[in-house]
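Data block below; observations after.
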Amino acid sequence: MSLPQRTADRNRPIAAVTIFDEDGGRTPCHAGDLRVRLEKARQATAASFSAARVDLVAGVASRILSLPKHLTAPGIVHFAYWTRRAALYRLGRSFQARLPDGCLAKPRGLAFHLPPQNVEAIFLYSWVIAFLTGNANIVRLPSELSPQIQGVLDLFLEALASAAEDSQIFVTYPVSEDLNRDISAQSDVRLVWGGDAKVRAFAPLPLRHGGKAIWFGDRVSFAVLDGEALVGLSPAAREELVSRLYNDIFIFDQMACSSPQVIHVVGDRTRHGEAVARLLDDLDRVAARKNTVPATGQVIRKMTALCTLAGQGHAVEGKRLSNALTVATMAGGDFPIAAIGGGFLQIRYLSALDALSDRIAENHQTLTYFGFGQAELSRMAERSTGQGLSRIVPVGEALDFSAVWDGYDLPGELSRLVTIR
Amino acid sequence: MTFDALVDQPPFGMTAAEKERRLLPDLNAMGRHHYAHCAPYRKIADAIWGEPQPAEQLCDLPYLPVSIFKEIELSSIATPTMVLQSSGTSGQRPSRIVIDGITAQRQARALVATFRGVLGTSRLPLLVIDTRKVISDPKSLSARGAGILGMMKFGARSTFALDDDLASQRDVIGSFVQKYGGAPFFLFGFTFLVWKSLFEAYRDGELDLSNATLIHSGGWKKMEADKVTNAVFRSRMATRFNLTRIYNFYGFVEQIGSIFLEGPDGLLYAPNFADIIVRDPESWAPAPAGQPGVIQVVSLLPLSYPGHSVLTEDLGVIETVDAGTGGRLGKAARIIGRVPRTELRGCSDVIATAYS
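Here is the structure:
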């Protein structure tokens, strides 16, 4: 068994990237040529929410929406709605409205996007916001895209080509710290999606003139339901709630940062346990009907997680409703949330909504809720003094992307302000 | 005790139904034993399936997923005499299996019962196809090391064929075969090492192992990459070394001592005190013979830890039941491979270095 050959890093030719072209083509590009292209792109920024760029995005959105439903994944349809002309105008107006007085928003320059490898649709949002705010962009994509995402990318590439817009570059390249460093050094802003380890890998690589780094680290999310509200649900209302929970949990295999892992129930097990059990049974049935059943390896992983939580004394009751959904009812007390995914829910009972504020940790992202009013939720959020939690949205909207994400006002972060008096 | 009776009676002689009848009362008793003596096991039982109730069929026994032994230490004894560790594939925590004197003794007797049939009763010279390094720390053994130590009890003048880099030491092998090759001796090693470090180190006819019995085990995954099936393995060994007495076996550290030995039909048979259930991964109900599924193994061996009923992450199929090939009754199984470990990945890129 031989040792791997040591290579002399200094003499290694810098790896090339592959650029995504329109019509699904791909062109290799030498690092030197890429550097020239990026410099040129950086000179070709546009005005914030320029009519041309808004038109281009809205045009692609309407093309997506005109496709037969069965050809587009729900995530992509959502993206298309999110980028309808009216929605983009709203986005632009609300961004303008929150600028400080007498300030003009200008693009930062070149934005470097490192979207997650698996929740692919994220790159669309990351890029679209940077594009609309006028930036030049380079987006590093996985080498293999799902046909759905490739289809959307092709629509954009076609639209960009016919607008003679060459400041938007979509690339893929194998692991290369050299390229990461080179591209970072040319970029004014960098968005790293994909967790703490990836963030750490990029942290030491400087941006142009100390540009702006935007981090999306590991996050977990959870829900809170009012036990009393569950008891009184009409069948129709329960069906609606179940379908919303289903979307939050099962799209992206419960592995998106904003997919809920825990359902908190404000109430107690004796009073509300039955209503919770009925809700979960319905949820399991919907998941089974929609065939959201993970691979056998993940089903066994869920069994192991359930036994582990029980053996440690954290779970007092464990049920495999079916291969689709495993439920662990947790004892009181505090322990980190395990993101098992693939249909694994922890149920925790809380005496009051306010009790949630003591449980919020730094890595918590989205709280989805049912049965509470804005005032109670605001009070709870204000009580929490830690760094965690950046979204509180109704059940069913866990995965809906918003321009304010993980605590960042993204259009603002991707803009620089010019004061005019 | 049923175990004592079963371990002493000739192996593979019971029909599946007879074995079920003999094993069931003791397996039920073991469930109660571990419930009483292993607090985490009791908590698991209470949370998931409740206080132990006597199962009426083998397939009704509750089972633990094998990876639980990687997550928490499950012990039914106050002071362990030994802790076994699985080799732990890269990036995974190893299993920790707690053993006491009685369980170790049972394991030893179990191995004797299993291998007596192929090795006979006298201790034969043993050539281990591995390095001595894997047994250097007996307090914390890898599964590979534990397997070798177990087999060394059957051998005499144990000799290690490989150096620390797992390359074959031709001089050591040569002088071993010269000294003992004229009479029965045996070889033991992991399938992959036997293939890579012994088979590939010699040319056809260069080494005569015609008096040897080879016992080997280990996953076929690496072998599949080289397109080596069990049948290919056997025929190539015969051509190269004139070696024909070859026995593959299936076992895993979480149920060490419960060895499924290859029969004349190339299928694997459980020892008297253990049995196999194949479960349909859709319903988790027992799969009928011929239908592949996930392997569960029940065994009377583990008293010191609740490993008497374990769901593995291996896929297999029961090919025949009570077929009587070579006089063997009971279930005859074939291992298909591992349940694919499909990692679900979300926003978080799991292996950051791969993308950095």
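In the order they appear, the protein sequences are chains A and B.
Quick note: the first sequence uses our numbering, first residue 685, plus one each step.
Quick note: the second sequence uses our numbering, first residue 147, plus one each step.
Just so it is clear, CB atoms sit at the ideal spot from N, CA and C, and this is done for glycine as well.
If you're wondering where the values come from, they're calculated on a predicted model, not measured in any experiment.
Using the rule of at least 16 other Cβ atoms within 10 Å of the residue's Cβ for burial, across every protein chain shown, is residue i buried or exposed?
| i | result |
| --- | --- |
| residue 1104 (chain A) | exposed |
| residue 423 (chain B) | buried |
| residue 986 (chain A) | buried |
| residue 186 (chain B) | buried |
| residue 988 (chain A) | buried |
| residue 711 (chain A) | exposed |
| residue 938 (chain A) | buried |
| residue 236 (chain B) | The predicted position of residue 236 (chain B) is uncertain, since its pLDDT is 48 and thus under 50; no value can be drawn from it. |
| residue 1094 (chain A) | buried |
| residue 948 (chain A) | buried |
| residue 1097 (chain A) | buried |
| residue 799 (chain A) | buried |
| residue 248 (chain B) | exposed |
| residue 180 (chain B) | buried |
| residue 153 (chain B) | buried |
| residue 964 (chain A) | buried |
| residue 448 (chain B) | buried |
| residue 162 (chain B) | buried |
| residue 874 (chain A) | buried |
For a contact defined as C-beta to C-beta under 7 angstroms, what are the partners of residue i on chain B?
| i | result |
| --- | --- |
| residue 1014 (chain A) | Result: empty, since nearest Cβ-Cβ is about 10 angstroms, beyond 7 angstroms. |
Going along chain A in order, which residues have a C-beta closer than 7 angstroms to the C-beta of residue i?
| i | result |
| --- | --- |
| residue 127 (chain B) | Because chain B is modelled from 147 through 502, residue 127 (chain B) falls outside the range shown and cannot be assessed. |
| residue 211 (chain B) | 984, 987, 988 and 991 |
| residue 448 (chain B) | Simply none; closest approach about 16 angstroms. |
| residue 440 (chain B) | 980 |
What residues of chain B sit near residue i, judged by a beta carbon separation below 8 angstroms?
| i | result |
| --- | --- |
| residue 1047 (chain A) | Those within 8 angstroms of residue 1047 (chain A) in chain B number zero; the least Cβ separation is about 11 angstroms. |
| residue 981 (chain A) | 459, 485, 486, 487 and 488 |
Cβ of residue i less than 7 angstroms from any chain B Cβ?
| i | result |
| --- | --- |
| residue 984 (chain A) | yes |
| residue 687 (chain A) | At residue 687 (chain A), the pLDDT of 38 sits below 50, so the modelled position is not reliable; the number obtained from the coordinates is stated separately. With 7 angstroms as the cut-off, residue 687 (chain A) does not count as an interface residue toward chain B. |
| residue 1106 (chain A) | With chain A covering 685 to 1105 only, the question about residue 1106 (chain A) has no answer from this structure. |
Determine, using beta carbons only, whether residue i comes closer than 7 angstroms to chain A.
| i | result |
| --- | --- |
| residue 190 (chain B) | yes |
| residue 427 (chain B) | yes |
| residue 186 (chain B) | yes |
| residue 214 (chain B) | yes |
| residue 236 (chain B) | Its pLDDT being 48, under 50, residue 236 (chain B) is placed unreliably in this model, and the value from its coordinates should be taken loosely. No, residue 236 (chain B) does not count as interfacial toward chain A. |
Would you mind working out which of the options sits nearest residue i, comparing C-alpha positions?
| i | options | result |
| --- | --- | --- |
| residue 777 (chain A) | A:741, A:733 and A:829 | A:733 |
| residue 853 (chain A) | A:1029, A:973, A:881 and A:824 | A:824 |
| residue 358 (chain B) | B:457, B:190 and B:264 | B:264 |
| residue 421 (chain B) | B:165, B:149 and B:159 | B:165 |
| residue 470 (chain B) | B:409, B:428 and B:459 | B:409 |
| residue 173 (chain B) | B:341, B:209 and B:288 | B:209 |
| residue 999 (chain A) | A:992, A:1014 and A:1005 | A:1014 |
| residue 318 (chain B) | B:276, B:257, B:296 and B:387 | B:276 |
| residue 273 (chain B) | B:251, B:259, B:379 and B:300 | B:300 |
| residue 898 (chain A) | A:889, A:886, A:876 and A:891 | A:876 |
| residue 176 (chain B) | B:454, B:475 and B:435 | B:454 |
| residue 953 (chain A) | A:1090, A:1087, A:1031 and A:1024 | A:1031 |
| residue 1108 (chain A) | A:744, A:1018, A:917 and A:736 | There is simply no residue 1108 (chain A) to check, as chain A begins at 685 and stops at 1105 in what is shown. |
| residue 229 (chain B) | B:201, B:329, B:401 and B:169 | B:401 |
| residue 215 (chain B) | B:190, B:243, B:204 and B:207 | B:243 |
| residue 906 (chain A) | A:738, A:729 and A:1041 | A:1041 |
| residue 929 (chain A) | A:708, A:872 and A:1078 | A:1078 |
| residue 114 (chain B) | A:997, A:980, A:1007 and A:784 | With chain B running from 147 to 502 in the structure shown, residue 114 (chain B) is simply not present. |
| residue 922 (chain A) | A:934, A:883 and A:967 | A:967 |
| residue 296 (chain B) | B:327, B:332, B:258 and B:313 | B:258 |
Closer than 7 angstroms between beta carbons: that is the criterion. Which residues of the segment 815-846 of chain A meet it against chain C? Within the model displayed, chain C is absent; protein chains A and B are what it includes.
For the segment 915-937 of chain A, which residues have a CB atom closer than 9 angstroms to at least one CB atom of chain B, in sequence order? 936 and 937
Taking only beta carbons into account, state which residues of the segment 214-229 of chain B come closer than 9 angstroms to chain A, listed in chain order. 214, 216, 217, 218 and 220
Tell me which residues of the segment 376-404 of chain B have at least one Cβ-Cβ distance to chain A shorter than 7 angstroms, keeping chain order. none
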